[in-house]
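First to last, the sequence lines map onto chains A and B. Okay, so the first sequence: first residue is 78 according to my numbering, each after it adds one. Okay, so the second sequence: first residue is 87 according to my numbering, each after it adds one. Idealized CB from N, CA, C, for every residue including glycine. Heads up, the thing below is written out as structure tokens.
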Amino acid sequence: DAMVIQNPRYQVTQFGKPVTLSCSQTLNHNVMYWYQQKSSQAPKLLFHYYDKDFNNEADTPDNFQSRRPNTSFCFLDIRSPGLGDAAMYLCATSRRLAGSGYNEQFFGPGTRLTVL
Amino acid sequence: KQEVTQIPAALSVPEGENLVLNCSFTDSAIYNLQWFRQDPGKGLTSLLLIQSSQREQTSGRLNASLDKSSGRSTLYIAASQPGDSATYLCAVRQQQRGSTLGRLYFGRGTQLTVWP
């Protein structure tokens, strides 16, 4: 089945130790998103790619970076994780349609990040 | 800036009841609206997508309506079951506006518990 896959599902890192989260998709969607979600809060968009065009949200900390080497894969790099970065990180995809529309947004299962 | 509100924040009902979850948004210039389900510690599962030109969408026991002019959507769940217990999130997609193209604005969700 076509889907959005995230690895690992659970990640534990130490304060200040860089970590990379991975997302892959078999939907062949041209847009990929990274969200941060903390307990009982709405997902917060960090950035998104339309093909290779990177779009950063204004309030996304510089500590968060992203790479999209090809259509299928997207990575979230946290350069120096702090305790406040502990959260669920969600990857999502969507297809931009002709005429500037979008179809549904599909989410992966998420990666739960713990910072010790 | 688009604001999405969901009422109630939590709901607990006995099995078999018909439910209505509410979502309101402040900017009616939306492209579409999506309802998601999120189980604890998991990603988001798309339930229904309503385009701005549509009034409602149905999938099994779920029915979602959209009144764009008044900035409201409702999710109706018929004959609720314990397996419906989850958090339900509403998200609206804005019409094309520069770098926020395709962005979803989320509510904080309604946490539903259906007890046997």
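When B:D113, B:A115, B:S151 are compared against W121 (chain B), the one with the closest alpha-carbon: Taking the first residue of the second sequence as 1, we reach residue 121 (chain B) at position 35. When each option's Cα is compared against that of W121 (chain B), the closest is B:S151.
Within 8 Å, strictly: CB atoms of L167 (chain A) and Y126 (chain A): Position 90 of the first sequence, counted from the first residue, corresponds to residue 167 (chain A). Position 49 of the first sequence, counted from the first residue, corresponds to residue 126 (chain A). In this structure, Y126 (chain A) does not lie closer than 8 Å to L167 (chain A) by Cβ.
Unbroken beta strand (DSSP E) run spanning Q167 (chain B), endpoints: Within the second sequence, residue 167 (chain B) is the residue found at index 81, counting from 1. Careful: Q167 (chain B) lies outside any beta strand (DSSP E) and carries neither H nor E.
Span separating the alpha-carbon of D153 (chain B) from that of L135 (chain B): Along the second sequence, read from residue 1 onward, the residue named residue 153 (chain B) stands at position 67. Along the second sequence, read from residue 1 onward, the residue named residue 135 (chain B) stands at position 49. The alpha-carbon atoms of D153 (chain B) and L135 (chain B) are separated by roughly 14 Å.
Euclidean distance between Cα positions of L107 (chain B) and C151 (chain A): Sequence index remark: in the second sequence, residue 107 (chain B) carries index 21 (1-based). Sequence index remark: in the first sequence, residue 151 (chain A) carries index 74 (1-based). One C-alpha to the other measures close to 34 Å.
Partners in chain A for G127 (chain B), counting only beta-carbon separations shorter than 7 Å: By 1-based counting over the second sequence, the position of residue 127 (chain B) is 41. Neighbours of G127 (chain B) on chain A, chain order: R189.
F92 (chain A) vs G161 (chain A) beta-carbon contact at 8 Å: Position 15 of the first sequence, counted from the first residue, corresponds to residue 92 (chain A). Position 84 of the first sequence, counted from the first residue, corresponds to residue 161 (chain A). Cβ distance not < 8 Å, so F92 (chain A) and G161 (chain A) don't count as in contact.
Proximal residues to L133 (chain B) (C-beta, below 7 Å), its chain only, five neighbours per side dropped: Looking up residue 133 (chain B) in the second sequence gives position 47. Excluding residues within five positions, the ones whose Cβ falls inside 7 Å are W121, F122, R123, S145, L148.
Bridge-paired residues (DSSP) for M109 (chain A): Looking up residue 109 (chain A) in the first sequence gives position 32. Per DSSP, A:Y126, A:T170.
Inter-stretch contact at 8 Å, needing at least 3 Cβ pairs: the stretch 81-95 of chain A / the stretch 180-193 of chain A: yes
Pairwise C-alpha distance: R194 (chain B) and N105 (chain A): As a first step, residue 105 (chain A) is located in the first sequence; it is residue number 28 there, counting from the start. As a first step, residue 194 (chain B) is located in the second sequence; it is residue number 108 there, counting from the start. Roughly 29 Å separates the two Cα atoms.
Per-residue contacts from R179 (chain B) into chain A (C-beta, under 7 Å): As a first step, residue 179 (chain B) is located in the second sequence; it is residue number 93 there, counting from the start. The answer, in chain order, is Y179.
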